[in-house]
Amino acid sequence: MRQALIAATAFALALATQPVVAQNKPAPAATAKKAAKPAAAAPVEEKDAATVEFEKFRTMMEESNPAELFEAQGEDFWKSIRGPKQVSLATSCDLGLGVGIVKGAYVQMPRYFADAGKVMDAERRIVWCMIEKQGFKEADIMKQPFASGSYTPEPTSLVTYVAANSKDMKFAVPLKDPRVKEVYEIGREVTNHRAGPYDFSCNTCHGADGKRIRMQNLPNIATPKGATTAVMGWPGYRMTGGVMLTQQWRMGDCFRQQRFPQPKYVSDTITSLLTYMTANANGATYKGPGIKR
Amino acid sequence: MNATIRISILAAAMIAAAPAALADSDHRAKALAMMKQDFVTKGQATADRVSEDGLQAICNRTGNKPPEKIAQRLEADQMAAVKYPADGKLMGDWKAGEKIAQSGRGFTWSDEPGLPVGGNCYNCHQIAPKETSFGTVGPSLFHFGKLRGNTADMQKYVYGKIYNAKSFSLCSEMPRFGHIGALKEAQIKHLVALLLDPESPVNK
Chain A
4 MRQALIAATA
14 FALALATQPV
24 VAQNKPAPAA
34 TAKKAAKPAA
44 AAPVEEKDAA
54 TVEFEKFRTM
64 MEESNPAELF
74 EAQGEDFWKS
84 IRGPKQVSLA
94 TSCDLGLGVG
104 IVKGAYVQMP
114 RYFADAGKVM
124 DAERRIVWCM
134 IEKQGFKEAD
144 IMKQPFASGS
154 YTPEPTSLVT
164 YVAANSKDMK
174 FAVPLKDPRV
184 KEVYEIGREV
194 TNHRAGPYDF
204 SCNTCHGADG
214 KRIRMQNLPN
224 IATPKGATTA
234 VMGWPGYRMT
244 GGVMLTQQWR
254 MGDCFRQQRF
264 PQPKYVSDTI
274 TSLLTYMTAN
284 ANGATYKGPG
294 IKR
Chain D
1391 MNATIRISIL
1401 AAAMIAAAPA
1411 ALADSDHRAK
1421 ALAMMKQDFV
1431 TKGQATADRV
1441 SEDGLQAICN
1451 RTGNKPPEKI
1461 AQRLEADQMA
1471 AVKYPADGKL
1481 MGDWKAGEKI
1491 AQSGRGFTWS
1501 DEPGLPVGGN
1511 CYNCHQIAPK
1521 ETSFGTVGPS
1531 LFHFGKLRGN
1541 TADMQKYVYG
1551 KIYNAKSFSL
1561 CSEMPRFGHI
1571 GALKEAQIKH
1581 LVALLLDPES
1591 PVNK
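Here is the structure:
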């Protein structure tokens, strides 16, 4: 594990010279050597040097993913008596399969929760339990919902633990439930919604097969294959910066690139997108928390 | 009347006049109401950005395939608002154009407001051969001038396309760089040169 973290840090440093956001150039040095092809359709499947390096690295890391550290931390949070109400999540929080049951819960969310009267994704449900069952203050959780280099929010570790307990299980968002189906349809509308100064929607970048922004491949989230890519490996340990990040973060950063305002953490809008994408991946096998570039 | 406002009124009138095809579906209406609740202003990205303007509304309601008559009218409207340079010169310096094409800065909540924004062109297009990190959301523009020539008409087309891609194709995925004030006249001229100047590496 220690070894893995050292390797991860080295890789992160190597990548640190390459800006990660789409508006920037992901891999200038690594890709400059290749000769460009003439005007014909761009070679979409071609992998740049940085991608090849990263994939080698990911294989090497598979045995000891740094996400495991956060998983262990999350398990500790799940089982410990905590919060103003001095209760553990393991004895109070229902992730949809019964109080305290974690195995298989992640791949069956988002789902409808009668006690909250809402369809919720995993991270949102965990936050709901922390507030309702353990008595944590919503405002405190909202203060810094995403990890920085030196800080990992508790829900991030918790969702990593919960997700890891669905490893090798199939996505099975309960679309037969009309309340879930409704949120799914609303999510589809959100992915279609063009607005903002650049007229972008999710589909501008994720609405067709084989598209790229710079060298970053963009999954087509409307297809089972693309949606599977989109939800796989989240939550993920991100090499660049060495932080553990969740789907809530990913959605926020895509809205940033879309030139939209900031979506609220654990909001209906994010749940609708996660419902749409995860249900489109139904039937695919989840491989557990991953490593992201 | 300001062009954008005029477009919005026209579009609103068209939506109102159109039957079911252009009306909001129930799910779409719910999605819009939900988004109004769920976004907050951050940096320059103000909360009202989730609201659509007239053109966006037409494209959103028709799955980006508006009825031809509506598309033509609104394209003409967008076209009428394209401001061409007063001096009639449409080609600037391709070297400056390459820098603008490279920069992806602009309009996100993490961009500092007030700084000049970039073109984002390489995010979506292959352009000069030296840059191999290019996106594929738009078509390749390599050899653009070599293939299409650089007549006055072609210069006018490219200037107009960058100024407002929607004046040629109403629901194009390409932003309206001049129309929204993202790129200034001189910057657009440099980009025209990048694509059309025989000396530009794009055409070598």
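Those sequence lines, one after another, are chains A and D. Take any residue in the first sequence, count from 1 to its spot, add 3: that is its number in our numbering. Take any residue in the second sequence, count from 1 to its spot, add 1390: that is its number in our numbering. Think of the CB as a built atom: it goes at the ideal place given N, C-alpha and C, for glycine as much as any other residue. Everything numeric in this text was worked out from a predicted model, so none of it was measured.
Could you tell me whether the Cβ of tryptophan 1484 (chain D) comes closer than 9 Å to any Cβ of chain A?
-> No - not a single Cβ of chain A is within 9 Å of the one on tryptophan 1484 (chain D).
Does the beta carbon of alanine 233 (chain A) sit closer than 9 Å to a beta carbon anywhere in chain D?
-> No, because no Cβ of chain D sits closer than 9 Å to the Cβ of alanine 233 (chain A).
Mind checking which residues open and close the alpha helix (DSSP H) that includes phenylalanine 116 (chain A)?
-> Per DSSP, phenylalanine 116 (chain A) belongs to no alpha helix (DSSP H); it is in the beta strand (DSSP E), 114-116.
Endpoints, the beta strand (DSSP E) within which lysine 295 (chain A) is located | Segment 293-295, the beta strand (DSSP E) holding lysine 295 (chain A).
Assuming proline 264 (chain A) and threonine 1541 (chain D) form a contact by the criterion Cβ under 8 Å, report the distance between their Cβ atoms to the nearest whole angstrom.
-> Rounded to the nearest angstrom, the Cβ distance from proline 264 (chain A) to threonine 1541 (chain D) is 43 Å, too far for a contact under 8 Å.
Less than 8 Å between the CB atoms is what I'm expecting for arginine 217 (chain A) and glycine 1525 (chain D), so what's the real figure, rounded?
-> The pair is a contact, with the Cβ atoms about 5 Å apart (cut-off 8 Å).
Which term fits glycine 199 (chain A), buried or exposed, when burial requires 16 or more other beta carbons within 10 angstroms of its beta carbon?
-> Label assigned to glycine 199 (chain A): buried.
What number of angstroms, rounded off, separates the C-alpha of valine 47 (chain A) from the C-alpha of asparagine 1593 (chain D)?
-> Here the model assigns valine 47 (chain A) a pLDDT of 45, short of 50, so the residue's position is not dependable and the matter cannot be decided.
Under three-state DSSP, which class holds alanine 1471 (chain D)?
-> Three-state DSSP puts alanine 1471 (chain D) in coil, outside helix and strand.
Can you name, in chain order, every residue of its own chain whose Cβ lies under 6 Å from the Cβ of aspartate 212 (chain A), other than the five neighbours on each side?
-> Result list for aspartate 212 (chain A): Asn223, in chain order.
Drop a sphere of 10 angstroms on the beta-carbon of glycine 1496 (chain D), count the other beta-carbons inside from all chains shown, and report buried for 16 or more, exposed for fewer.
-> By the 10 Å Cβ count, glycine 1496 (chain D) comes out buried.
According to DSSP, is alanine 39 (chain A) helix, strand or coil?
-> Note that alanine 39 (chain A) scores 35 on pLDDT, short of 50, meaning its location in the model is unreliable; the coordinates nonetheless yield the value given after this. Residue state for alanine 39 (chain A) is assigned as coil, using DSSP reduced to three classes.
Residue range of the beta strand (DSSP E) that includes tyrosine 240 (chain A) = Element bounds for tyrosine 240 (chain A): 239-241.
Taking C-alpha atoms, which residue in D:Phe1534, D:Leu1422 and D:Lys1546 lies nearest to glycine 1478 (chain D)?
-> Ranked by Cα distance from glycine 1478 (chain D), the options D:Phe1534, D:Leu1422 and D:Lys1546 are led by D:Lys1546.
Measure the alpha-carbon distance for phenylalanine 174 (chain A) versus lysine 1473 (chain D) and round it to whole angstroms.
-> When rounded, the distance between both Cα atoms is 52 Å.
Applying the criterion that 16 or more other CB atoms from any shown protein chain within 10 Å of the CB defines a buried residue, is glutamine 89 (chain A) buried or exposed?
-> Burial check for glutamine 89 (chain A): the Cβ neighbour count within 10 Å stays below 16, so the residue is exposed.
Proximal residues to proline 1409 (chain D) (C-beta, below 8 Å), its chain only, five neighbours per side dropped | The predicted model places proline 1409 (chain D) with a pLDDT of 44, which falls under 50 and marks its position as unreliable, so this point remains unresolved.
Straight-line Cα distance separating alanine 1491 (chain D) from lysine 121 (chain A) | Taken atom to atom, the span from the alpha-carbon of lysine 121 (chain A) to that of alanine 1491 (chain D) is near 45 Å.
CB contact check: glutamine 265 (chain A) to chain D, cutoff 9 Å | True, the Cβ-Cβ gap to chain D drops below 9 Å.
Check whether the Cβ atoms of lysine 82 (chain A) and serine 95 (chain A) sit closer than 9 Å, and answer yes or no.
-> No.
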